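Presented below is the structure to which this report refers.
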Amino acid sequence: MNKLLLSAALIAGVAVAGTASAVDGTINITGNINASTCQINGGASPATINVTLPTVSTTSLNAAAAVAGRTPFAIALTGCGSLTKATTFFEPGPTVMADGNLKNSSGTATGVEVQLLNSDFSTIKLNGANGAQNSAQISLASGAGTLNYYAQYFATAAAGAGTVSTSVQFTMLYQ
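Just so we're aligned, residue 0 is where the sequence shown starts under numbering that gives the first Met the number 0, counting upward by one.
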């Protein structure tokens, strides 16, 4: 029995010794937490912003890449204290498609997504990482500023009639 225990101990020791390896590097992680964050559209976080796109006909979305129903919306920031810049990061999630648009997650229309644009009509790539979404940055003056955006229908094919409903979560990034 002692030989059996000794053999088991030797095998366990060899197995543990075989898994040891040298360290290949170090990852240092740093960050900042701001004491003050802005109010969004006059309210406390988390904010809910509702955007109602107009009713459009299927003929206006009759081919892939056709757009219609461009509708403005804004994220107004106040009470930002000494913060000087702000941008919106749109969070990845189940409604964000590989093409950077929002899928029609609970509506009945077919062949249509929702696309978000900056105030200069440049496309926001919702599937991009922080800094790669092309989401506009603004300078804050006296602790306030407004980020202006648009939402519009985007055809992935000839659109079929029905409803469109989607959403995306966002995080405000400050400097």
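C-beta atoms are modelled at their ideal positions from N, C-alpha and C, and glycine is treated no differently. If you're wondering where the values come from, they're calculated on a predicted model, not measured in any experiment.
Buried versus exposed call for residue i [16 or more other C-beta atoms within 10 Å across all chains shown]
{"i": "Val-22", "result": "exposed"}
{"i": "Leu-4", "result": "Because the pLDDT of Leu-4 is 49, which lies under 50, any placement of that residue in the model is unreliable, and the question is left without a value."}
{"i": "Phe-153", "result": "buried"}
{"i": "Asn-129", "result": "exposed"}
{"i": "Thr-29", "result": "exposed"}
{"i": "Gln-174", "result": "exposed"}
Helix, strand or coil at residue i [DSSP, three-state]
{"i": "Phe-89", "result": "strand"}
{"i": "Leu-125", "result": "coil"}
{"i": "Gln-38", "result": "strand"}
{"i": "Met-171", "result": "strand"}
{"i": "Ala-154", "result": "strand"}
{"i": "Thr-145", "result": "strand"}
{"i": "Ser-138", "result": "strand"}
Proximity of residue i and residue j at Cβ, strictly below 8 Å
{"i": "Pro-53", "j": "Thr-70", "result": "yes"}
{"i": "Ser-134", "j": "Phe-89", "result": "yes"}
{"i": "Met-171", "j": "Asn-126", "result": "no"}
Rounded distance between the beta-carbons of residue j and residue i, thought under 8 Å
{"i": "Gly-193", "j": "Ser-164", "result": "With the chain represented from 0 up to 174, any question about residue 193 goes unanswered, as that position is not in the structure."}
{"i": "Thr-57", "j": "Gly-159", "result": "7 Å"}
- For the region 56-86, which segments carrying the beta strand (DSSP E) assignment without a break, of at least 3 residues, lie completely within its bounds, in sequence order? Restricting attention to beta strand (DSSP E) runs no shorter than 3 residues, the region 56-86 encloses them at 66-77, ordered along the chain.
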